[in-house]
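Per the working numbering, the sequence shown runs over residues 1201 to 1338.
Yeah, the Cβ is synthetic: ideal placement off N, Cα and C, and Gly gets one too.
Nothing here was measured: the structure is a model prediction, and the numbers come from that model.
Scroll down for the structure; my scribbles are underneath it.
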Amino acid sequence: MLLIDRLCADRMNFRKDRDNDRANILGCVIADSVALANKVEKRSPTDEECLKVIQKMVTSLDETIKATNSYTDRIQRTVLQGYLPEKITGQKLEDVIRSYIMSDGDNVKLKNVMTYLAKTIPGQYDGKEASEIAKRFL
1201 MLLIDRLCAD RMNFRKDRDN DRANILGCVI ADSVALANKV EKRSPTDEEC
1251 LKVIQKMVTS LDETIKATNS YTDRIQRTVL QGYLPEKITG QKLEDVIRSY
1301 IMSDGDNVKL KNVMTYLAKT IPGQYDGKEA SEIAKRFL
């Protein structure tokens, strides 16, 4: 099942339960994801596009929560967090980076490592942490 389909189904269930805070944030994610997908051609959004929108909204909600500590924003952030893949950190991230560097040979650059991560585990790692780990191996 595509993420957009799951978002739509969950939004419908929240509406049935009269849970407007959760339904509204999913409505925003769906609308922004569709708009992003339709920039190039009229089509359904990919999972990557949906995840990009969700991550952007979580970041925005984090900033709002720091400033206002709004209950509604905290609920919406929790809902969105449930759609994001688990982050790969620490030793797991180091293993992925080490494996790539060892398999790709001596001419690996930081840019190559970051591109590889973006393609293989999009949205599942912290770029700053990945960069620091990669620099240790290069």
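Applying the criterion that 16 or more other CB atoms from any shown protein chain within 10 Å of the CB defines a buried residue, is residue i buried or exposed?
i, result
"P1285", "exposed"
"E1249", "buried"
"Y1283", "buried"
"L1202", "exposed"
"Q1276", "buried"
"D1304", "exposed"
"A1267", "exposed"
"A1334", "buried"
"D1273", "buried"
"R1222", "buried"
Do you know offhand how far residue i's Cα is from residue j's?
i, j, result
"K1242", "S1233", "12 Å"
"K1309", "I1254", "30 Å"
"T1176", "I1297", "Beyond the ends of the chain as shown, which are 1201 and 1338, falls residue 1176; an answer cannot be given."
"I1225", "K1319", "27 Å"
"Q1291", "K1311", "21 Å"
"N1213", "K1287", "27 Å"
"E1185", "A1237", "Since the first residue of the chain shown is 1201 and the last is 1338, residue 1185 is not available in this structure."
"T1204", "E1332", "Contrary to the premise, residue 1204 reads as Ile rather than Thr in this sequence. For I1204 and E1332, the distance between alpha carbons rounds to 33 Å."
"A1235", "T1259", "19 Å"
"N1307", "R1336", "15 Å"
"N1220", "T1315", "39 Å"
Do residue j and residue i have their beta-carbon atoms positioned less than 8 Å apart in this structure?
i, j, result
"I1230", "R1211", "yes"
"L1317", "Y1325", "yes"
"G1323", "L1251", "yes"
"S1270", "T1264", "yes"
"I1321", "V1313", "no"
Verify the CB distance criterion: does residue i have a CB-CB separation below 8 Å to chain B?
i, result
"K1242", "Among the chains of the structure shown, chain B does not appear; only one protein chain is present."
Exercise. In the stretch 1294-1320, which residue ranges form an unbroken alpha helix (DSSP H) of at least 4 residues, counting only runs that do not cross its ends?
Worked result: Fully enclosed alpha helix (DSSP H) runs of 4 or longer: 1310-1320.
Problem set entry | Whole alpha helix (DSSP H) elements within the stretch 1221-1282, 4-residue minimum | Counting whole runs of 4 or more residues, the stretch 1221-1282 contains the alpha helix (DSSP H) stretches 1247-1268, 1271-1281.
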